[in-house]
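Per mature numbering (1 follows the signal peptide of the UniProt record, and there is no 0): the sequence shown = residues -19 to -1, 1 to 914.
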Amino acid sequence: MKSSETVLRVLLLFRLISADLTLDQPSFRIIAPQNLCKSNDNESQSQQPDGVTIAFQPKDGIKLIYQFQIFFTILEPNTFNQRETLLVWKAVRALEELLNSKERAKISQENLALIRKSNVMAGVSYVFHVEGITEGGETTPEQVFDIEYRDGVLQNVNVPEGINFLFIGTEEIVANMEYRLIAKVSFCRPKYDYYFEWTIEDLQEEYKELENTISSCLQIPKNVLSVGKRNKIEVRVMENKTKRLLAKDAVEIKVLTKGYQVMIIPSTARVGEGSNITLRLFIKNYDEVKEISILWKCVEESTKQELRSTAPDNKEQYFEVAFSKVGSYEVWAFISINDVVSKVKADIEVISSIFVSYDFQHTPNLYTSANEGFQFTVTVLNLVPLCEAIWLSAQEDGFEFIKPGVLDKEQYGYTKISNLEKYYLEEIADFTNSTVNRDITLTIPAKTELWHGFEGDSLYKFRLDVTCPKPYKDNPNSMMTSREREEEPWKKFLTSYFSFDLHTNSPPQVLNLQMEPVKGKAMKTAFSFISASAKDLLLDSPLSYEFFIKADDCEIHFEKYFEYKTWNVKLPYTPKQSIEYFVEICDVRLACSVIQNTTEISLEFEEFSNKELQEYLTEIQTIFLRTDFSEGFNIILMISMTFKNGQSKHLDKWKMFVRQFLAKEIDKFLERPQEKIYIPDNDVLQFVSKCKENLNYLKKLLEILEQIERNGLSLNERFKRGIRAKRIVNQQQQELLIETHLSLLEDLLETSDLTVESQMEYATSILRLTQKMCLMPLKEHENVQRSNVHLILKKLKGHALIYNTQVFENAQESILLNFKVIRIDKLKKTVAAYETDIKEKARHIDEKERELAKTLKALEEQREARKKSDDVVTVLESQLQAKNEEIRNYEVELSETEELRKTIMSLMESKRPKRKTFSIHISDEVINCTSFN
């Protein structure tokens, strides 16, 4: 019943891989020595000593202490006597001692050594043999480089004076990752007339187009380089006009074997008799996929009887099976990739009294990053009133547990189906049905102040519990007994469940980001940013480091390196807010961490001279000429920001240049021969998205995008290795392509004054995009599909397309036909669900409208009645006022009458005769009598 075998398999795979990699010998490579420019008027270079720097790149970012041994030879035609030779020998020994003692700690910390002219003698060639020593005492293979000091010039043997050449890239990669090699060139004197030539050893013929790259970055897609092989990659810096070789370097690449990871979903489930359930595999493969095969098997535990899949082919990454009998079942998946076999198991319990079942359309990433959120939706079928559903963190041995109360019920997707008779219009799509389906979404947020996030490199089990009332029995003789009625309430309910396991990948542990200097001039001073080496499992190496800044609400990304952690950049002028500096560090499983330097750099704006401006204009033109689009757009953005914020006198001239220059580049892009120059599709998409603001060229940008479509996603489509008849697709790139295409079409349709021909042309383009979208397995990207359908079916405003009814019908038919190719059954369910939902919403709207009409009518009647009441009140108030006046008059008369009465009484009293009083005693009672004379 438990999935312990799956857990054991995954953890064992981790341990085996880690143990295998631990046995690898530590190593490092020497990045081509740089010639330090002589002091000149450039502020950023004036403080540099005259000499050569040597940069070291340790594998996996390990800390090394470097041991130097130096040999020398006398350069011809020089001849040294014995005394001079002895002086050279002493100078060499002194340099050795300097590097191995006094500067040893600094070299180890910075992975950088400086050879000054003052430490060497002219006319001598120096051969440096360098070994690295780990903290554990292990020694790396020896690396060698040569430096010559001839005619007052100290330089690397392979690089002429005045050229600084860095060839950056890790020596060990995995097949299932995009690999980037970067050649950085700078000159002591401004020089822009150059390009790059690349050679990849033993490259298969179908990938030869990669060698047509002329930019400074060679991007090798996944699975191009074979596992277990070594490939030498060489780059040459060539002068444009003369084709003269300026510099060259090479690196040998080893493609590691790291295997694959696999998990099954659900890992356990309890469903009802007669239920259908689909199980899916999540496979994370790091190696080149030569062949993959999957075999499914479903066995009843007690009888060992095997169940067949309801699908015609059970060799895919999903397995659909119907459980017609009560029992406990084991569902096995046997996976073979590159002759490495693994298996996973799911335990399914089938109970007759349960009537709910489960379905889910997309397999989530079950090896998620620990510092990211996680979301997964499961559809629960056949729910009845009083059913409750909620996700839980299962507390089991070997699994991390999220305590109750840490996350809200809403994040666990809590749902309760209300009473049918009371709330049927709100809860039930069709009153004739007795059940409903509900999407229950588990939402685990990223790290917050109240939620510490997932634990790294851990296993979690999440279970969807569904509790429903016991079903009524059909047999009258089996009606609920008095004892059953007296049972505790919870015994009258049954619980079904659906669970899965989630493995979290701990992101790299980051340290700090250093930078220098802390003061300079915008777009003139070169600032150095150095990231400390991050720590991570060997399984997750190599690590990538990408530097980016945030300035004026813009995020500007610079180079992304593997295992190299230094950037030299110029910064824009932003007086209102400080620039923020970041480095994002990611492992091969795409778990990422970000470090930030909060030190404030003091940047001054200094107006550009005409010469400085012209140098930038020339540099941008040559950057685009060798297709380094990312670097070119960064410079354009930062200079635009600097000129605008600094209120430069060159701003208008600069704006004009940018508009005209990008317009010409769009034309050049369409004219550029694709077979002679290779440009990665991601670079094409970036070019289109950055130029999209130029509304006059939207149509041409659409043509550039369609070049990718005509080429079948260019070269990358050929890089995808098949799983029998299917292809493994570059999902991220496909999503980016479609979203860019959608954005471009929307802008085009809403800004263009279209003719009938243009309407039909763009209608065809939209339908072609629909077909591409439908045939792409864009898992977990329903937003892309919704956006595309929305673009086709919505009523566009302004000067957008005004389709007639037939065009819309054709578009809808095209969508349906293309979706039928994929999964007609899923489409029917989806369409039916949408239709039901639309009908229900329409019914709700009609009822609300009727209720609103009744309310309005009643309100109008109340208004009329109130108006009449107001009239009556007015009359009554008038009558009351008259009565009050009468009362006041009466009171006055009454007062006068009372005064008159008092006067009369007073007069009568004065004229009345005097009285005599006598007493008669009778029976002890006294009777007072009054008599008158």
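Cβ atoms here follow ideal geometry from the backbone N, Cα and C, with glycine treated the same way.
Considering only their Cβ atoms, is the gap separating residue j from residue i smaller than 8 Å?
i           : j    : result
F563        : F508 : no
residue 952 : R131 : The structure shown has nothing for residue 952, since the chain only spans -19 to 914.
V524        : I566 : A small correction: the amino acid at residue 524 is Leu; Val does not occupy that position in the sequence shown. Taking 8 Å as the Cβ cut-off, L524 and I566 qualify as a contacting pair.
L364        : I398 : yes
K551        : T506 : yes
I316        : V243 : yes
E272        : Y310 : no
F148        : V205 : no
F49         : N92  : no
P426        : G308 : no
T485        : T349 : yes
I11         : I35  : yes
S480        : P247 : yes
I318        : Y241 : yes
V325        : I245 : yes
Y554        : T623 : yes
R261        : Q298 : yes
N352        : G434 : yes
I214        : I234 : yes
K649        : F614 : no
Which residues in the same chain have their Cβ closer than 6 Å to the Cβ of residue i, if we skip the five residues on either side of it in sequence?
i    : result
F61  : I55
S512 : L494, Y526, K546 and V564
Y173 : T599, E600 and T603
E391 : none
F304 : S256 and V331
L518 : none
Y160 : I154 and I201
L367 : P450
A164 : F148, F177, S197 and V216
E612 : I604
Run the CB neighbour count on residue i, radius 10 Å, all protein chains shown included, and call it buried at 16 or more, exposed below.
i           : result
V125        : exposed
S477        : buried
M619        : buried
P122        : exposed
C198        : buried
W70         : exposed
C535        : exposed
G113        : buried
Y659        : buried
E858        : exposed
Y871        : exposed
V101        : buried
K897        : Because K897 sits at a pLDDT of 46, beneath the cut-off of 50, its placement in the model cannot be relied upon, and the following sentence gives the value as read from the coordinates. Exposed, because fewer than 16 other Cβ atoms sit within 10 Å of the Cβ of K897.
residue 924 : What is shown of the chain runs -19 to 914, which leaves residue 924 out entirely.
I144        : buried
P38         : It should be noted that the sequence gives Gln, not Pro, for residue 38. The residue in question, Q38, is buried, as its Cβ has 16 or more Cβ neighbours within 10 Å.
T249        : buried
Which same chain residues end up closer than 7 Å to residue i when comparing Cβ atoms and leaving out the 5 residues on each side of it in sequence?
i    : result
K681 : I647 and L651
F382 : S374 and Q376
F380 : L440, Y441 and K442
D1   : Unreliable placement is indicated for D1, whose pLDDT of 38 sits below 50; the coordinate value is still reported in the next sentence. Excluding residues within five positions, none has a Cβ falling inside 7 Å.
Taking 8 Å as the limit between beta carbons, can you name the residues of its chain near residue i, skipping five residues before and five after?
i    : result
M219 : Y175, Y176, F177, E178, R225, L226 and L227
I371 : K390, Y393, G394, Y395, T396, I421, L445 and D446
D521 : N486, P489, D568, V569, R570 and A572
Q356 : P345, T422, L423, T424 and I425
At a Cβ threshold of 8 Å, is residue i touching chain B?
i    : result
I826 : Absent here is chain B; the protein component of the structure consists of one chain.
- Determine, using beta-carbon pairs with one atom in the region 203 to 216 and one in the region 167 to 174, whether at least three such pairs fall under 8 Å. The region 203 to 216, when compared against the region 167 to 174, does not touch it at the 8 Å Cβ threshold.
- Task: Taking 8 Å as the threshold, find out whether the region 43 to 57 comes into contact with the region 153 to 161 through three or more Cβ pairs.
- Result: At 8 Å Cβ cutoff, the stretches do not touch.
- Unbroken stretches of the beta strand (DSSP E), 3 residues or longer, contained in the region 474 to 556: Taking only runs of at least 3 residues, the beta strand (DSSP E) segments lying wholly in the region 474 to 556 are 474 to 486, 494 to 497, 500 to 502, 508 to 512, 525 to 532, 535 to 543 and 547 to 550.
- Cβ contact (3+ pairs, closer than 8 Å) linking the region 486 to 505 and the region 532 to 544: In this structure the region 486 to 505 does not lie against the region 532 to 544, because fewer than three pairs of beta carbons, one per stretch, are closer than 8 Å.
- Message: List, from N- to C-terminal side, the beta strand (DSSP E) runs of 3 residues or more that fit wholly inside the region 74 to 103.
- Response: As far as the region 74 to 103 is concerned, its whole beta strand (DSSP E) runs of at least 3 residues are 93 to 97.
- Sequence ranges, alpha helix (DSSP H) only - wholly within the region 582 to 633, length at least 4: Complete alpha helix (DSSP H) runs here, min 4: 591 to 606 and 610 to 626.
- Quick one: complete beta strand (DSSP E) runs, 3+ long, within the region 307 to 358? Correct list: 308 to 318, 321 to 332, 338 to 340 and 348 to 350.
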